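All residue numbers in the sequence shown are consecutive under this note's numbering, ending with 391.
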Amino acid sequence: MSSTLLTGLAELITNDPGMGDGGPLGLVSDGALVLEEEVVCWVGEAGAAPAADARVAFDGRVALPGFVDSHSHLVFAGDRSCEFAARMSGQTYSAGGIAATVAATRAASDAQLRAGAGRLAAEMLRQGTTTVEIKSGYGLTVADELRSLRVAADLTAETTWLGAHVVPPEYAGRRSAYLDLLLGPMVTACAPHARWVDVFCDRGAFDADETRAVLAAGMARGLVPRLHANQLEQGPGVQIAVEVDAASVDHCTYLSQADVAALAGSNTVATLLPGAEFSTRSPYLDARRLLAAGVTVAVATDCNPGSSYTSSMPFCVALAVRDMQLTPAEALWAATAGGAKALRRSDIGVLKVGSHANVAVLDAPSYVHLAYRPGVPLVHAVWQRGRQVV
Ligand SMILES: [Zn+2]
Numbered sequence: 002m003s004s005t006l007l008t009g010l011a012e013l014i015t016n017d018p019g020m021g022d023g024g025p026l027g028l029v030s031d032g033a034l035v036l037e038e039e040v041v042c043w044v045g046e047a048g049a050a051p052a053a054d055a056r057v058a059f060d061g062r063v064a065l066p067g068f069v070d071s072h073s074h075l076v077f078a079g080d081r082s083c084e085f086a087a088r089m090s091g092q093t094y095s096a097g098g099i100a101a102t103v104a105a106t107r108a109a110s111d112a113q114l115r116a117g118a119g120r121l122a123a124e125m126l127r128q129g130t131t132t133v134e135i136k137s138g139y140g141l142t143v144a145d146e147l148r149s150l151r152v153a154a155d156l157t158a159e160t161t162w163l164g165a166h167v168v169p170p171e172y173a174g175r176r177s178a179y180l181d182l183l184l185g186p187m188v189t190a191c192a193p194h195a196r197w198v199d200v201f202c203d204r205g206a207f208d209a210d211e212t213r214a215v216l217a218a219g220m221a222r223g224l225v226p227r228l229h230a231n232q233l234e235q236g237p238g239v240q241i242a243v244e245v246d247a248a249s250v251d252h253c254t255y256l257s258q259a260d261v262a263a264l265a266g267s268n269t270v271a272t273l274l275p276g277a278e279f280s281t282r283s284p285y286l287d288a289r290r291l292l293a294a295g296v297t298v299a300v301a302t303d304c305n306p307g308s309s310y311t312s313s314m315p316f317c318v319a320l321a322v323r324d325m326q327l328t329p330a331e332a333l334w335a336a337t338a339g340g341a342k343a344l345r346r347s348d349i350g351v352l353k354v355g356s357h358a359n360v361a362v363l364d365a366p367s368y369v370h371l372a373y374r375p376g377v378p379l380v381h382a383v384w385q386r387g388r389q390v391v
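Here it is in structure tokens:
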């Protein structure tokens, strides 16, 4: 067994309300923690820290649990920068642009898909993300969804089957035939390679009945539901998410009061994806509506080539603060502990004895700098499962 003491931390964010200032972030001033093998084995004030085999002094920096990015689409090929430029010239976003990525993904080799996803996952790690959820959804054939999930599984345990992303072009005018594929051969082939089932329930994607059917098929094979919903307009998605006890409903750009009330009484996290609002120039949700009602909120990147091509959790934290009205503390919690809840995990997104030794250290004296200094590469060091990776 070998142990490492991280000390000299001006602020240690634990997300354990039993620690430090007693707030939701469990902020310990002049903090330290000890990592042993893959887990945290001690947390507290630097003056009380035990000896360890190795010692790293951080001279007044901030340590926090590695970011938990609970929503990404890293397995794809191609580039949609022209579509982005057109949108920034005034065109509006629709779900149809996904077809361009589907065509490029199908045409790519396995090695190209692996290299692309691996590059983005490495980019995330450098920005402090130590856990990422990765979806399929740009294959949309049995074989291409299956290989997308295999590529994802090399990078994370949090793999999601999103065969119901859009109806692919070859099924235009034959929706029911694509539903038959999803509910039969595709779910059967994909379920063993995924933890989660997801559906894009929105205008131009899948309706309420189709969404319920796909979720039920996944759940019947042991997958746990999560949902893309209410990105483009108010719709039935949030209510369906609550009805099936989904771990999370993601986007939530357009919410009715009934949606907020349903989430408040549920075990379903509302995951905000401010990078999508940014990149599609859409209105931002006022997240205070959710917090005031008692809804659990997460923040994630939605990293994908169409509507949010950022891999940066610090950038999304800054957007959530600036444009969704979260405080810096709430946004940081949502990007760490909130993401963990959206993945129904209690071993990540927190720094306490026994949790995964996933730590990001910022070259800043306060976590507030994540939003105060947007676009600045503040991440100074990262440990993932006890191994220093940055
Ligand atoms: Zn998404």
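Virtual Cβ for every residue (Gly too), placed ideally from N, Cα, C. Please read all numbers here as calculations on a predicted model, not as lab measurements.
For D303, the Cβ falls inside the 7 Å cut-off from some heavy atom of ligand 1. In terms of Cα proximity to L256, the closest of G19, S267, Q240 and L28 is Q240. L36 carries a strand assignment under DSSP once its states are collapsed to helix, strand and coil. Using a Cβ distance threshold of 8 Å, T269 and S283 do not count as a contacting pair. Classified as buried, R346 has 16 or more neighbouring CB atoms from the shown chains inside 10 Å of its CB.
It is roughly 26 Å from the alpha-carbon of R148 to the alpha-carbon of S313.
Sequence-distant partners of L150 (beyond 5 residues in either direction) whose C-beta falls short of 7 Å from its own C-beta, in its chain, are S137, T160, W162, C191, H194 and A195. For T189, the enclosing alpha helix (DSSP H) has its first and last residue at V188 to C191.
For T8, the enclosing beta strand (DSSP E) begins and ends at S4 to I14.
Going by DSSP, C202 is part of no alpha helix (DSSP H) but of the beta strand (DSSP E) stretching over W197 to C202. With a cutoff of 8 Å on beta-carbon distance, V63 and L363 are scored as near each other. Looking at the DSSP output, D251 sits in a beta bridge with H229 and T272. Assigned with DSSP and collapsed to three states, L141 falls in coil, not helix or strand.
Counted as a single uninterrupted DSSP element, the stretch harbouring Q385 is not any alpha helix (DSSP H) but the beta strand (DSSP E) occupying residues V380 to Q385.
Looking at the DSSP output, N305 shares a beta bridge with S309. Proximity to E134 across L141, V143, G236 and L121 peaks at L121, based on C-alpha coordinates. When DSSP states are grouped into helix, strand and coil, Q389 belongs to the strand group. Within the DSSP secondary-structure output, P66 pairs in a beta bridge with V360. In this structure, DSSP gives K136 an extended state, which the three-state scheme calls strand. A heavy atom of ligand 1 is found nearer than 7 Å to the CB of H72. In this structure, L216 is the residue among Q232, L216 and L233 with its C-alpha nearest to the C-alpha of V225. By DSSP's assignment, W43 forms a beta bridge with V35. Cβ contact annotation for A49 (same chain, cutoff 6 Å, sequence separation greater than five): none. Within the stretch 285 to 350, the runs of alpha helix (DSSP H) at least 4 residues long that lie entirely inside it are, in chain order, 289 to 294, 314 to 325, 329 to 334 and 340 to 343. Exclusion of H357 from the 7 Å shell around ligand 1 follows from its C-beta lying no nearer than that to any non-hydrogen atom of the ligand.
Closest option to T297, judged by alpha-carbon separation, among R323, G27 and A262: A262. In summary, T93 is exposed, with fewer than 16 beta-carbon neighbours lying within 10 Å of its beta-carbon over all protein chains present. For F207, the secondary structure class from DSSP, reduced to helix, strand or coil, is strand.
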